[in-house]
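Numbering (the numbering used here), first residue to last: 4 to 206.
Here a beta-carbon is modelled for each residue, glycine too, at the ideal position from N, C-alpha and C.
These figures come from a predicted structure and were not determined experimentally.
Here the structure is laid out as structure tokens; the discussion comes afterwards.
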């Protein structure tokens with residue numbers, strides 16, 4: 004009887020060891036006969052995180068160069084005007100939009116799309132609110148109050164274009180991160196438009 008019980012205990016111990024070994028294999032990311040590995044699960048869930056549609060891609064491809072131009076305009080301010088309120092606003096614009104450009108790059112890469120560039124990456128789509136090369140040259144040539152007026156007028160138009168693109172993304176996009184970015188853009192840029200209109204003396 005003692006021997007039989009001892010053998011039973013050994014069998015149970017061996018079975019437990021095999022079961023633990025199977026769990027150990029799963030923890031290391033290898034697929035075993037005992038179940039699906041953590042690596043397989045990660046591969047399965049990764050596409051869900053990057054789920055997107057064409058509207059998401061278009062929004063991000065257009066918004067990157069759009070943001071790049073806003074940052075370019077913001078960086079003109081310190082050398083073209085002494086208006087401290089405008090300088091503070093330009094800093095705010097740059098600090099908001101430069102990090103969003105990095106987020107856009109990361110999102111596009113998660114979709115399997117190439118990282119955009121400031122001058123390319125909009126996929127041939129026309130972007131509302133973008134300034135022409137001639138408008139940017141005229142802004143760069145201005146200074147003082149004339150620069151302030153041009154900058155504010157142009158940035159209001161620029162922001163309005165970004166808001167329109169973001170609203171399209173909310174209506175047609177699928178990716179949760181892209182839509183969250185669109186919502187932040189709308190909230191921030193609507194507030195800045197109100198501020199810029201007040202600076203221009205507009206109601």
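By the C-beta density criterion, residue 172 is buried, having at least 16 other C-beta atoms within 10 angstroms. By the C-beta criterion, the segment 103 to 120 is judged to be in contact with the segment 64 to 71, since at least 3 inter-stretch pairs fall below 8 Å. Between residue 163 and residue 204, the gap from beta carbon to beta carbon reaches 7 Å or more. When the alpha-carbon of residue 155 is set against those of 56, 55, 59, 76, the nearest one is in 76. In the three-state DSSP reduction, residue 62 falls in the helix class (H, G or I). Contact check between the segment 137 to 152 and the segment 171 to 185: fewer than three CB pairs, one atom from each, fall below 8 Å, which does not count as touching. Every alpha helix (DSSP H) stretch that sits fully inside the segment 91 to 169 and reaches 4 residues is listed by chain position as 136 to 144.
Membership of residue 179 in the alpha helix (DSSP H) is indicated by the continuous run 179 to 202.
With contacts defined as CB atoms closer than 7 Å, residue 159 and residue 199 qualify as a contacting pair. Excluding five sequence positions before and after residue 97, the CB atoms of its chain that fall closer than 6 Å to its own CB belong to 74, 77, given in chain order. Excluding the 5 residues flanking it on each side, residue 191 has same chain C-beta neighbours closer than 8 Å at 99, in chain order. With contacts defined by Cβ atoms closer than 7 Å, residue 150 and residue 84 form a contacting pair.
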